[in-house]
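Working notes for the structure below.
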Amino acid sequence: MSVRTRYAPSPTGYAHLGFVARVLINYAMARKNGGQFVWRNEDTDRDRFVEGALEYNMKWVREFGLDWDEGPDKGGPYAPYTQTERLPLYKEAYEKLITNDNAYRCFCTKERLDELREMQKMSKQQTKYDGLCRLLSQEEIEKNLTEGKAFTVRIKVPKDRKIAFDDIITHNHVVWDSNDVDDYIIVKSNGIPTYHLAAMYDDVAMKITHVFRGSEWLATTPVHVLILEGLGVPKEDQPQIGHFTVILDPNTPGKKFSKRNSNFKIDGLIIKGYLREAILNYLMLLGWAPKDNRELFTLTEFVEAFGLGGMQKANPTWDQKKMDWFNGHYSREFKIEEYTEQFKAWINKYLLTANAEDITTVLVTEEMSQEKVNSLIELAKKTLEDSNLHLKLALVQERAVNFWEVLQQIEFFYIKPSNVDWNIKQLAKIQDKLPEIKTKIHDLLATLDEESTKWTQETWEAGMRKIADETGVKAGDVFMILRVAVVGGPFSPPLLESLQLLGKAYILERI
RNA sequence: GGGGUUAUCGUCUAACGGUUAGGACAUCAGAUUUUCAAUCUGGUAAUCGGAGUUCGAUUCUCCGUAACCUCACCA
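Set out below in structure tokens:
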């Protein structure tokens, strides 16, 4: 039997990187085994439905280079792949469950349920349905039905039984006492099934062999086992189920990473100019590790190396430093032409198309104002026109973590630094000599003809060292003075190479 | 409170019941260097606690502890 996995999000919100991590596992499992990967649209919650969420989430998963074989957008042999288009199927299923006494209609009102729960909480009892409607006679049920009373359908959990399943990720044999399991509602009073019924029914109907889902589903797994049994699905036709970890936020220890952290927005890192392959690679290793501890994987290499044995049980914490390291690694691997193309693609595709809100939440920080962000975006447009862009990028490629940093590091090539900060540690002791040295550097460069053979880094360097001798300061300090004048601060790409690209007029204007 | 899951350096993790408990990121020191990086070399750093099984426990069992998930007509 062919391996089939699925990713089944509900279109109730916008995806975050946790989505991508989960798709990655399902995708790898299917691809590794030559099977199919299915996208199913679980839109049974009409109240929380968000228009456009499905399309948005699909678009971004695709941006990461992940694709699926069957889904609401492309159809397939088990269509439809949107649950609200499958309602008649579920109806048939739950009627069968009722007929076979695996489920029952519950006419309790929301108010009674709320009251019941309140009372149980107050008396520190387990909050659980009390089973009142289990007691209804056939006559009472018929009467309620003819009166048109609204009802939900609940799973009828048997008494005094063990319910067990084997988790294919944690490799646990998990056992529940059925008396601890609630009679969950599997069909709402509007006739639409809840996750429990719809997902189980569809996994079987779509011949899904392996279900990888979040650990939030572990607690309701006994319900799912019961539904599968009640539906009469033989063991060998049931999907195998595994629960995987959630990614934790280092800023709020022990808490799930949320989209509120802009680094976890699905497009947050992308807008900052991180590379897809780097993000993907980092995500692979959050929750999975190979026996040999290899860390660098392309998507195809990951698929090749993937195995259930490497799945982790404990929740990992996001480490931005490691994310940065991966991005630096992949950035440095590019030839400069490719790197330049990637940079331009980032500007065109992500930076300039991002909406104002995304820009603000992702790029504006304590250190960077909205005005600064806006001016850098203007700069980004300008770099697109620069035929010498690749020469500048070559100087910053190995020292920037992401493209947004690149932009900041090449800014001085285009814009004269507005607030030059001379108050730096290295120059603290020679503040009084600054004017003299600046004049000498200016003279040195001003007297050289840009067209002449003397206009070289060697000449500059020799001249700079001579100035150092004459004024009795360290050569490094003289270089630093020139650096601060030209760049505006103590950090820069290689100085002389930068000057060469800048040109004489621009240098003299600044020193 | 009930049920379930998890626990190795700061972080991600490796270790048929037998290793000086390994690697990566981070960190520290050194080399290189006109700055910052990058690169190279080296160092610091961990088995949650307590019993038990065993010749021997990071690994198996039990008891604690902590964290997470769940206890909705949400998924």
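The first sequence lines up with residues 641 to 1151 when you count with the numbering used here. Ideal Cβ positions, reconstructed from N, Cα and C, are used throughout, including at glycine.
Query: Start-to-end residues for the beta strand (DSSP E) that takes in I1121; Result: Note, I1121: premise wrong, no beta strand (DSSP E); alpha helix (DSSP H) at 1115-1127.
Query: Contacting residues, own chain, Cβ-Cβ under 6 Å from L1122 (five flanking each side not counted); Result: I1081
Query: Per DSSP, the bridge partner or partners of Y744; Result: R794
Query: Proximity below 8 Å, CB of R680 to CB of D842; Result: yes
Query: Between the CA atoms of A804 and A693 - distance to the nearest angstrom; Result: 36 Å
Query: Cβ distance (whole Å) where A1115 is taken to contact A1108 below 8 Å; Result: 4 Å
Query: Proximity below 8 Å, CB of H883 to CB of L866; Result: no
Query: Residue nearest to E725 in terms of C-alpha spacing, selected from L925, G854, G831; Result: G831
Query: Secondary structure of V815, DSSP reduced to three states; Result: strand
Query: Span separating the alpha-carbon of Y667 from that of I887; Result: 19 Å
Query: Best match in R794, E978, T1096, T1023 for proximity to G870 [C-alpha to C-alpha]; Result: R794
Query: C-beta contact flag for S650 and D687 at 8 Å; Result: no
Query: Close-in-space but distant-in-sequence residues of the same chain around L1139 (CB under 6 Å, 5 per side omitted); Result: I1147
Query: M1008, buried or exposed, once every other Cβ within 10 Å from all chains shown has been counted against 16; Result: exposed
Query: Distance, N673 Cα to C746 Cα; Result: 43 Å
Query: Runs of alpha helix (DSSP H) lying entirely within the stretch 836-869, each at least 4 residues, in chain order; Result: none
Query: W1095 - DSSP class collapsed to helix/strand/coil; Result: coil
Query: C-alpha gap between R916 and D964, whole angstroms; Result: 12 Å
Query: Straight-line Cα distance separating S855 from L1029; Result: 47 Å
Query: Buried or exposed by the 16-neighbour rule on C-beta atoms within 10 Å, applied to K912; Result: buried
Query: contact_flag[the stretch 1086-1105, the stretch 1119-1137] where n(CB pairs < 8 Å) is 3 or more; Result: yes
Query: Cα-Cα separation, G908 to F983; Result: 16 Å
Query: DSSP state of R646 mapped onto helix, strand, coil; Result: strand
Query: Length at least 4, wholly inside the stretch 978-1005: the alpha helix (DSSP H) runs in chain order; Result: 996-1003
Query: Contacting residues, own chain, Cβ-Cβ under 6 Å from E647 (five flanking each side not counted); Result: The identity of residue 647 in the sequence shown is Tyr, whereas the question assumes Glu. Excluding residues within five positions, the ones whose Cβ falls inside 6 Å are V663, N666, W679.
Query: T957 - DSSP class collapsed to helix/strand/coil; Result: strand
Query: R853 burial status per 10 Å Cβ neighbour count (16 or more: buried); Result: buried
Query: CA-to-CA distance, T1093 to V1060, given in whole angstroms; Result: 31 Å
Query: Buried or exposed by the 16-neighbour rule on C-beta atoms within 10 Å, applied to F1131; Result: exposed
Query: Closest residue to S1058 among P717, Q723, G1128 (Cα-Cα distance); Result: G1128
Query: The stretch 748-758 touching the stretch 708-724, judged by at least three CB pairs closer than 8 Å; Result: no
Query: Coarse secondary structure for F689, derived from DSSP in three states; Result: coil
Query: Segments assigned alpha helix (DSSP H), at least 4 residues, entirely inside the stretch 654-684; Result: 657-672
Query: Cα-Cα separation, S829 to D822; Result: 18 Å
Query: Three-way DSSP call (helix, strand, coil) for I781 in this model; Result: helix
Query: Alpha-carbon spacing of C773 relative to K796, whole angstroms; Result: 11 Å
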